[in-house]
Amino acid sequence: MNTSFENYLTKNNYTNFNLKAVLFDMDGVLYDSMKWHAKSWKETMDEFEIPSTPEEFYLYEGMVGSTTINYLMNREKGRDATSEEKEAIYRRKTELFTKYNDGGLIPYAYDFVKKVHNQGLLCIIVTGSGQPTLINKIEHNFTGLFSKDKMVTAFDVKHGKPHPEPYLMGLEKAGDLLPNQAIVIENAPRGVEAAVAAGIFTIAVNTGPMPDSVLADAGANIVLPSMKALFDNWEEFKSILVNK
Ligand code: CA
19 MNTSFENYLT KNNYTNFNLK AVLFDMDGVL YDSMKWHAKS WKETMDEFEI
69 PSTPEEFYLY EGMVGSTTIN YLMNREKGRD ATSEEKEAIY RRKTELFTKY
119 NDGGLIPYAY DFVKKVHNQG LLCIIVTGSG QPTLINKIEH NFTGLFSKDK
169 MVTAFDVKHG KPHPEPYLMG LEKAGDLLPN QAIVIENAPR GVEAAVAAGI
219 FTIAVNTGPM PDSVLADAGA NIVLPSMKAL FDNWEEFKSI LVNK
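If you count by the working numbering, then the sequence shown holds residues 19 to 262, one letter each, in order.
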C-alpha cells in the first residue's frame, strides 16, 4: 500500500503530502444512488428509442448529462443531439430518478466523513450533479460536515468530469490548495480520470458492479472495495498523508 503513495509523490515531483482537505464525489461515494441513476437512464433511453444497456451508465457516471446523451445519440443515430432533445431527455431522466431515488447512504460514508472532519480536515463535495435540492439533502444527511459555499456542482463548471476542472475548482474552493494538500474519493472511472488529471492522489471505492481493474486503469492510486474499507484503513493512510 505504501508504494501507492510513494509512486504518486515521485510521479508528481513532491517530497511529501500535506493533507488539508478531502474532496468527495457524491453519487456512489456518499449516496447509494447509482443504481437509481442507471435505472432512470436506461428507461429514459428506451422511451426515446435509443438502444443502451443498464450497465453502461456506470461507465458514464460523473459526466454531465448532456454529454452522455450526445455520446449515445452519436453512437446509435450517427448525429449530435439537438439542444431540445438534450433538454427533454435529461428532464425525463431527472423525473424518473427523483421518483426512484430513496436517498440511501453508502454504508460507512457518514462515519468516514465525520471522522475526517473531526480530525480537522476540510470536507468538500465535487459532483457533476445539478440537482436543485442537493445542498439541503447534504445538510440533512451530513449536518455541519460539508460547508455549503465550498461545494462544486454542475452549476459551477464549464467542463464536467473526466475534465480536471471540477477537481481543480475543488482545490481552489478549499483555499487555493496544491494537489498534494488534498485527496479525492471517487467511485467512477471518469471521476478518477478527472482527479488524476488534476494531479490529486485518488482513492477509488468500488461501490458498483464494475471490476476493480476499470478504476485502476483509469489511474486510481488505490482501489478499495467499500467505504468501510476506507474507514478501516484510514489511520494508516492518514499517518502518511498528514505532514507532522
Ligand atoms: Ca460517483
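Note that CB positions come from ideal geometry on N, CA and C, so glycine has one too.
Just so we're clear, the structure is a prediction, and the values are computed from it rather than from any experiment.
Roughly how many whole angstroms lie between the Cα atoms of residue i and residue j?
i           : j           : result
residue 142 : residue 43  : 9 Å
residue 62  : residue 110 : 6 Å
residue 160 : residue 206 : 22 Å
residue 148 : residue 29  : 34 Å
residue 116 : residue 59  : 12 Å
residue 25  : residue 129 : 29 Å
residue 136 : residue 93  : 47 Å
Using a beta-carbon distance below 9 Å, is residue i in contact with chain B?
i           : result
residue 211 : Any reference to chain B falls outside this structure, which holds one protein chain only.
Does the Cβ-Cβ distance between residue i and residue j come in under 9 Å?
i           : j           : result
residue 170 : residue 145 : yes
residue 31  : residue 258 : no
residue 180 : residue 81  : yes
residue 124 : residue 107 : no
residue 184 : residue 193 : no
residue 167 : residue 187 : no
What three-state label does DSSP hand residue i in the structure shown?
i           : result
residue 220 : strand
residue 250 : helix
residue 108 : helix
residue 160 : coil
residue 39  : strand
residue 204 : strand
residue 82  : coil
residue 45  : strand
residue 232 : helix
residue 214 : helix
residue 242 : strand
residue 123 : strand
residue 144 : strand
residue 170 : strand
residue 69  : coil
Whole-angstrom Cβ separation of residue i and residue j, contact assumed at under 8 Å?
i           : j           : result
residue 222 : residue 214 : That pair is no contact at about 10 Å.
residue 76  : residue 226 : 5 Å
residue 79  : residue 45  : 7 Å
residue 204 : residue 47  : 7 Å
Grab me the residues of residue i's own chain with a C-beta within less than 8 Å of its C-beta, minus the 5 sequence neighbours each way, in chain order.
i           : result
residue 56  : 72, 73, 75 and 76
residue 104 : 83, 84, 87 and 88
Residues in its own chain within less than 6 Å of residue i by CB, not counting five upstream and five downstream?
i          : result
residue 37 : 259 and 260
Looking only at its own chain, which residues have a Cβ that is under 7 Å from the Cβ of residue i, when we skip the five neighbours before and after it?
i           : result
residue 243 : 224
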